[in-house]
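Residue numbers (the working numbering): -5 to 127.
Data block below; observations after.
Okay, here's the thing in structure tokens:
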């Protein structure tokens, strides 16, 4: 982490309470949220630490110090969020897909997961599969 410069702390209050993330400045980042009960209709709105979610009849204004859609092709998709814009949450789970881990072969340098179905349709490039107890 010696190359990172702390730009902000983000506190998420959702399915897993009190999660804080420190994000680097001038880097494209992906935010992974842990918890339970997420759905495809959920979203995240980044607000100032001085705000509460109850402001403006439970519709607080978003901070506008970050960009969405980055990196973009010639900067065309990298943009400042709208004042009331939510960030879409992409959720994939075994409960949603019906695909489960069939077996795990743990090796010295890597592990191989075998699934009950084709996961390549569910996981996009750059995404990770997390295994929880």
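Cβ coordinates follow ideal geometry from the N, Cα and C atoms, glycine included.
The alpha helix (DSSP H) that contains residue i, what's its start and end?
{"i": "residue 91", "result": "88 to 91"}
{"i": "residue 51", "result": "49 to 52"}
Can you tell me where the beta strand (DSSP E) holding residue i begins and where it ends?
{"i": "residue 99", "result": "95 to 100"}
{"i": "residue 109", "result": "105 to 109"}
Which residue from the options puts its Cα closest to that of residue i?
{"i": "residue 115", "options": "105, 99, 93, 106", "result": "93"}
{"i": "residue 24", "options": "64, 80, 74, 86", "result": "64"}
{"i": "residue 76", "options": "118, 22, 86, 54", "result": "54"}
Within the same chain, show all residues whose beta-carbon is closer than 7 Å to that of residue i, passing over the 5 residues directly before and after it, in chain order.
{"i": "residue 128", "result": "There is simply no residue 128 to check, as the chain begins at -5 and stops at 127 in what is shown."}
{"i": "residue 61", "result": "72, 73, 74"}
Leaving out five residues on either side along the sequence, give the residues of the same chain with a beta carbon under 6 Å from the beta carbon of residue i.
{"i": "residue -4", "result": "With a pLDDT of 46 at residue -4, under the threshold of 50, the modelled position of this residue cannot be trusted, and the question is left open."}
According to the Cβ coordinates, are residue i and residue j closer than 8 Å?
{"i": "residue 37", "j": "residue 81", "result": "yes"}
Bridge partners for residue i per DSSP, in chain order?
{"i": "residue 81", "result": "38"}
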